[in-house]
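As structure tokens, the structure follows; a few thoughts come after it.
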Amino acid sequence: MNDSLTITRPDDWHLHLRQGRMLERVVAASAQVFGRALIMPNTDPPILSGLDAGYYKQEILRATEKWGKFKPIMTIKLTMNTTARMIHEAAEAGVKAVKLYPTGVTTNSQDGVDLGRLKEMAENLVFDAMADHDMVLCIHAEHPLQPVLEREPYVIPFINALLGWAPRLQRIVIEHVSTERMAQFVASHSDRLAATVTAHHLYLTLDDLLGEELKPHYFCKPVVKTSSDQSSLWWYLLHSDNFFFGSDSAPHALHKKEACSCAAGAFTAPILLPLLAHMFEQHDALDTLEEFVSHRGADFYGMERNYDTITLVKNNHPFVVEYNEGNDELPRPMPLRNGETIYWHVAR
Ligand SMILES: [Zn+2]
9 MNDSLTITRP
19 DDWHLHLRQG
29 RMLERVVAAS
39 AQVFGRALIM
49 PNTDPPILSG
59 LDAGYYKQEI
69 LRATEKWGKF
79 KPIMTIKLTM
89 NTTARMIHEA
99 AEAGVKAVKL
109 YPTGVTTNSQ
119 DGVDLGRLKE
129 MAENLVFDAM
139 ADHDMVLCIH
149 AEHPLQPVLE
159 REPYVIPFIN
169 ALLGWAPRLQ
179 RIVIEHVSTE
189 RMAQFVASHS
199 DRLAATVTAH
209 HLYLTLDDLL
219 GEELKPHYFC
229 KPVVKTSSDQ
239 SSLWWYLLHS
249 DNFFFGSDSA
259 PHALHKKEAC
269 SCAAGAFTAP
279 ILLPLLAHMF
289 EQHDALDTLE
299 EFVSHRGADF
309 YGMERNYDTI
319 TLVKNNHPFV
329 VEYNEGNDEL
339 PRPMPLRNGE
349 TIYWHVAR
């Protein structure tokens with residue numbers, strides 16, 4: 009039995025930190041463990057330009073001063089109004105990636121991209137501008153008008169077409185992959201595509217979400233899928249360097265989760281490493297954990313791997329989520345499955 013595991017400090021290649029008080033409340037959980045995180049731009053108001061990203065980065069850095077090493081990597085949100093010039097300016101301001109949300113697909117995505125107009129955007133040189141600066145295009149790959157469990161595979165033809173319309177764009181990430189068909193598509197285009205995989209898609213299935221009682225804290229986009237999809241995600245991440253970790257930790261105030269109209273998003277940041285270590289151990293794959301959380305993403309983004317390490321310890325004291333103190337209007341993490349005990353924790 010492994011009782012301690014030291015790995016290169018991990019990065020989170022898909023993180024929602026929100027703004028203001030919410031940001032202050034949630035950022036410690038990420039900043040204390042991860043070296044870097046790719047910060048999602050679907051805030052309210054959204055991060056649309058290099059200037060927006062610069063201000064947002066300053067806000068994050070102010071909130072994480074105490075954990076001096078944490079580096080936010082900034083993104084902007086692609087809209088139908090994004091121009092090639094805006095992409096150039098964002099790149100010059102240090103933005104590394106551009107996030108594509110199809111219109112209406114998830115939290116704050118009303119001003120997203122019409123998948124039917126990708127060719128037009130390519131003709132307007134928006135994707136060429138990204139290629140000029142070696143930026144990464146990150147895609148929330150769900151078609152909002154299709155049946156909920158089919159939304160992800162329905163986007164495959166659009167991405168396939170985009171690969172042709174934007175031949176210079178060399179790095180595209182399918183975010184939070186959730187289905188076998190999409191994982192297979194990514195693996196079959198591994199020269200240009202990669203995928204992030206969340207902890208909750210590796211951990212939960214539809215049965216956990218609504219098989220017994222409805223668990224609002226397990227509700228996210230893309231919705232967690234069947235156990236056969238989940239097995240595929242495991243297979244691909246254990247066999248392909250193109251699958252790396254992005255948590256998609258997405259906090260919402262409690263009243264927005266425990267509501268008749270429940271917001272999509274699983275707030276997982278406080279439990280990520282213990283949960284991942286637990287799951288990788290169950291899959292007899294602890295030796296792949298470091299690659300998945302600390303190496304592959306940095307390699308794909310063309311950044312140095314972190315120099316320092318973290319240590320995960322397994323002992324007889326179950327991991328306890330200590331995140332329920334304080335104002336109920338503030339978020340709390342996705343509760344773990346009933347009866348589940350996690351014996352791993354991050355050594356401080
Ligand atoms: Zn997300």
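In our numbering, the protein residues as written are 9 to 356.
In this text, a Cβ means the ideal position worked out from N, Cα and C, and glycines have one as well.
Computed from a predicted model, the values in this text were never measured in an experiment.
Taking its Cβ as the centre, do 16 or more other Cβ atoms sit within 10 Å of residue 49, making it buried, or is it exposed? For the purposes of this step, residue 49 is taken as residue 41 along the sequence shown, with counting starting at 1. The residue is buried, with at least 16 neighbouring Cβ atoms inside 10 Å.
Pull up the distance between the alpha-carbon of residue 27 and that of residue 258, whole angstroms please. For this step, residue 27 is matched to residue 19 along the sequence shown. For this step, residue 258 is matched to residue 250 along the sequence shown. Going by the C-alpha atoms only, they are around 12 Å apart.
Examine ligand 1 and report whether any of its heavy atoms sits within less than 7 Å of the Cβ of residue 256. Numbered from its first residue, the sequence shown carries residue 256 at position 248. The answer is yes for residue 256.
Cβ-based burial, residue 89 [other Cβ within 10 Å; buried from 16]: To locate residue 89, count along the sequence shown from 1; it is residue 81. Residue 89 counts as exposed, since fewer than 16 other C-beta atoms from the protein chains shown sit within 10 angstroms of its C-beta.
Relative to the C-alpha of residue 302, which residue among 123, 315 and 293 is closest? On the sequence shown, residue 302 is found 294 positions in, with the first residue counted as 1. Of the candidates 123, 315 and 293, the one whose C-alpha sits nearest the C-alpha of residue 302 is 315.
Can you tell me which of 70, 146 and 213 puts its alpha carbon nearest to the alpha carbon of residue 86? Here residue 86 refers to the residue found at position 78 of the sequence shown. Minimum Cα distance to residue 86 is reached at 146.
Beta-carbon contacts of residue 64 that lie in its chain and below 6 Å, excluding the five residues immediately before and after: Start at 1 with the first residue of the sequence shown, and residue 64 comes out as number 56. The residues are 55.
For ligand 1, I want to know if residue 247 counts as a neighbour, meaning its beta carbon is within less than 7 Å of at least one of the ligand's heavy atoms. As a first step, residue 247 is located in the sequence shown; it is residue number 239 there, counting from the start. Outside the cutoff, so no.
Measuring only from the beta carbon, is residue 24 closer than 7 Å to any heavy atom that is part of ligand 1? If you number the sequence shown from 1, residue 24 lands on position 16. Yes.
When you compare only the Cα positions, how much space is there between residue 12 and residue 296? The residue labelled residue 12 in the question sits at position 4 within the sequence shown. The residue labelled residue 296 in the question sits at position 288 within the sequence shown. Answer to the nearest angstrom: the Cα atoms are 15 Å apart.
Is it the case that the CB of residue 48 approaches a heavy atom of ligand 1 more closely than 7 Å? Position 40 of the sequence shown holds residue 48. Yes, the beta carbon of residue 48 sits closer than 7 Å to at least one heavy atom of ligand 1.
Length at least 3, wholly inside the segment 61-93: the beta strand (DSSP E) runs in chain order: For secondary structure counted as the beta strand (DSSP E) over 3 or more consecutive residues, the segment 61-93 holds these complete runs in sequence order: 79-86.
Counting Cβ pairs, one atom from each stretch, are 3 or more of them under 8 Å apart for the segment 272-286 and the segment 166-181? Fewer than three beta-carbon pairs drawn from the segment 272-286 and the segment 166-181 are found closer than 8 Å, and the two stretches are therefore not classed as touching.
Under the DSSP definition of a beta bridge, which residues are partnered with residue 257? Start at 1 with the first residue of the sequence shown, and residue 257 comes out as number 249. DSSP, once it has assigned bridges, lists 23 as partnering residue 257.
Could you tell me which residues DSSP puts in a beta bridge with residue 352? Indexing the sequence shown from 1 puts residue 352 at position 344. Per DSSP, the beta bridge partners of residue 352 are 322.
Residue 71 versus 39, 84 and 53, residue with shortest Cα-Cα distance: Translated into positions along the sequence shown, residue 71 becomes position 63. Answer by Cα proximity: 39.
Residues that residue 147 bridges to, as DSSP identifies them: Against the sequence shown, residue 147 aligns to sequence position 139. Beta-bridge pairing links residue 147 to 108 and 182.
From what residue to what residue does the alpha helix (DSSP H) around residue 245 run? In the sequence shown, the residue the question calls residue 245 occupies position 237. For residue 245, the enclosing alpha helix (DSSP H) has its first and last residue at 235-247.
Output the distance between the C-alpha atoms of residue 141 and residue 57, rounded to the nearest integer angstrom. The sequence position of residue 141 within the sequence shown is 133, counting from 1. The sequence position of residue 57 within the sequence shown is 49, counting from 1. If you draw a straight line from the Cα of residue 141 to the Cα of residue 57, it is about 15 Å long.
Is it buried or exposed, residue 325, if we count other Cβ atoms within 10 angstroms and call 16 or more buried? On the sequence shown, position 317 is the one that residue 325 refers to. Residue 325 is exposed by the Cβ-count criterion.
Supposed close pair residue 255, residue 20 - CB separation, criterion 8 Å: The residue given as residue 255 occupies position 247 in the sequence shown. The residue given as residue 20 occupies position 12 in the sequence shown. Right, the Cβ-Cβ distance comes to about 5 Å (below 8 Å), so this counts as a contact.
Spatially closest choice to residue 77 from 317, 323, 355 and 121, by CA coordinates: To locate residue 77, count along the sequence shown from 1; it is residue 69. For residue 77, the nearest C-alpha among the options comes from 317.
Would you please state the rounded distance, in angstroms, between the beta carbons of residue 152 and residue 111? I believe it to be under 8 Å. As a first step, residue 152 must be located in the sequence shown, where it is residue number 144. As a first step, residue 111 must be located in the sequence shown, where it is residue number 103. Their Cβ separation, rounded to whole angstroms, is 7 Å, which keeps residue 152 and residue 111 in contact under 8 Å.
Classify residue 366 as helix, strand or coil using the three-state DSSP reduction. Nothing in the structure corresponds to residue 366, since the chain is present only between 9 and 356.
Would you identify the three-state DSSP class for residue 277, choosing helix, strand or coil? For the purposes of this step, residue 277 is taken as residue 269 along the sequence shown, with counting starting at 1. Here residue 277 sits in helix by DSSP.
In this structure, does DSSP put residue 167 in helix, strand or coil? By one-based count along the sequence shown, residue 167 stands at place 159. In the displayed model, residue 167 falls within a helix according to three-state DSSP.
Taking C-beta to C-beta, are residue 168 and residue 201 nearer than 8 Å? Locating residue 168 in the sequence shown gives position 160, counting from the first residue. Locating residue 201 in the sequence shown gives position 193, counting from the first residue. Against a cut-off of 8 Å, the Cβ pair of residue 201 and residue 168 comes out as no contact.
Around the Cβ of residue 150, are there at least 16 other Cβ atoms within 10 angstroms (buried) or fewer (exposed)? Here residue 150 refers to the residue found at position 142 when the sequence shown is read from its first residue. The residue is buried, with at least 16 neighbouring Cβ atoms inside 10 Å.
Can you give me the C-alpha to C-alpha distance between residue 124 and residue 165, rounded to a whole angstrom? Position 116 of the sequence shown holds residue 124. Position 157 of the sequence shown holds residue 165. Straight-line Cα distance between these residues: approximately 11 Å.
Would you list the one or two residues that DSSP bridges to residue 12? Position 4 of the sequence shown, counted from the first residue, corresponds to residue 12. BP columns for residue 12 point to 321.
Give the straight-line distance between the Cα atoms of residue 187 and residue 230, rounded to the nearest whole angstrom. By one-based count along the sequence shown, residue 187 stands at place 179. By one-based count along the sequence shown, residue 230 stands at place 222. Cα to Cα, residue 187 sits roughly 9 Å from residue 230.
Nearest CA to the CA of residue 308: which residue from 236, 66, 143 and 100? Counting from one through the sequence shown, the residue named residue 308 turns up at place 300. Among 236, 66, 143 and 100, the Cα nearest to that of residue 308 belongs to 143.
Within this structure, are the beta carbons of residue 191 and residue 137 separated by less than 8 Å? Locating residue 191 in the sequence shown gives position 183, where the first residue counts as 1. Locating residue 137 in the sequence shown gives position 129, where the first residue counts as 1. By the CB criterion at 8 Å, residue 191 and residue 137 fall outside the cutoff.
Helix, strand or coil for residue 35, going by three-state DSSP, please let me know. As a position in the sequence shown, residue 35 is number 27, starting the count at 1. For residue 35, the secondary structure class from DSSP, reduced to helix, strand or coil, is helix.
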